[in-house]
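As you go down the protein sequences, you meet chains A and B in turn. Note that my numbering has the first sequence beginning at 977, numbered continuously upward. Note that my numbering has the second sequence beginning at 128, numbered continuously upward.
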Amino acid sequence: DTGVSQNPRHKITKRGQNVTFRCDPISEHNRLYWYRQTLGQGPEFLTYFQNEAQLEKSRLLSDRFSAERPKGSFSTLEIQRTEQGDSAMYLCASSSARGTSPLHFGNGTRLTVT
Amino acid sequence: GQNIDQPTEMTATEGAIVQINCTYQTSGFNGLFWYQQHAGEAPTFLSYNVLDGLEEKGRFSSFLSRSKGYSYLLLKELQMKDSASYLCAVRDRGGNNRKLIWGLGTSLAVNP
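(1) Since residue 163 of chain B is in the beta strand (DSSP E), which residue starts that stretch and which ends it?
(2) Any beta carbon of chain A sitting closer than 7 Å to that of residue 161 of chain B?
(3) Can you list, in chain order, the residues of its chain whose CB lies under 6 Å from that of residue 157 of chain B, leaving out five sequence neighbours each side?
(4) Take every Cβ of the region 980-997 of chain A, pair it with every Cβ of the region 1025-1032 of chain A, and state whether three or more of those distances are shorter than 8 Å.
(5) With distances taken from CA atoms, which of B:130, B:131, B:138 is nearest residue 236 of chain B?
(6) Where residue 172 of chain B and residue 216 of chain B are concerned, what is the direct C-alpha to C-alpha distance, given to the nearest angstrom?
(7) Beta carbon of residue 1056 of chain A, beta carbon of residue 994 of chain A: below 7 Å?
(8) Answer with buried or exposed for residue 266 of chain B, where buried requires no fewer than 16 other C-beta atoms within 10 angstroms of its C-beta.
(9) At 9 Å on the CB atoms, spell out the chain B contacts of residue 1084 of chain A, in chain order.
(10) So the beta strand (DSSP E) residue 988 of chain A belongs to, where does it begin and stop?
(11) Within 10 angstroms of the Cβ of residue 207 of chain B, are there 16 or more other Cβ atoms? Answer buried if so, exposed if not.
(12) Should the region 193-201 of chain B be regarded as contacting the region 144-152 of chain B, the criterion being three or more beta carbon pairs within less than 8 Å?
(13) How should residue 226 of chain B be labelled, buried or exposed, when 16 other C-beta atoms within 10 angstroms of its C-beta is the threshold for buried?
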């Protein structure tokens, strides 16, 4: 078990471009979460998968954001037509179905939109 | 409303003990987590409390009082590497972590 893996670690893009991030969760975890975090803030929930099903999406998330987990393993988060306000750390986390299971975070993808 | 309060910053000396407090007001309660986050890195799980009392794990302990909506994280024998942000998060209902409510974190500086 190598933990939650995210790629890339850093992404710099120009406003208006599309970006895609990948997350590989801990293999036995069926729950996967995407969060966004800016400096001095706690993580902000974006979306949640149980296996391949996307069960919840934050109302704060615009339709420029989409996430998939096609085979219930890795997940991708795509941001279309990026804006400067999208600059943040994007964190992926996974957990098991046990009630007490904590979130295990990946190292995140830091997005900078210029 | 849902709210979690933590001090913004704390300073302590290497080898000392520090207590980081967290108070919460949530519509429900189904567990409280403490995470450690070093600058530029992801949060790392430290502890979980769902029942009242103290949970000890090495140099770190976490306490919960549900009736008071209060928790603290106690760090003993502080080391320089303990300089980090400490995040308190409450699961307000159910067993699913998507309902976690996060504090803004307490930035701890450990000085020699």
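Beta carbons: idealized from backbone N, C-alpha and C, even for Gly. Computed from a predicted structure; not experimentally measured.
In terms of the structure at hand:
(1) 159-164
(2) no
(3) 218, 220
(4) no
(5) B:138
(6) 11 Å
(7) yes
(8) It is not possible to answer for residue 266 of chain B, since the shown part of chain B is limited to 128 through 239.
(9) 167, 168, 169
(10) 986-989
(11) exposed
(12) yes
(13) buried
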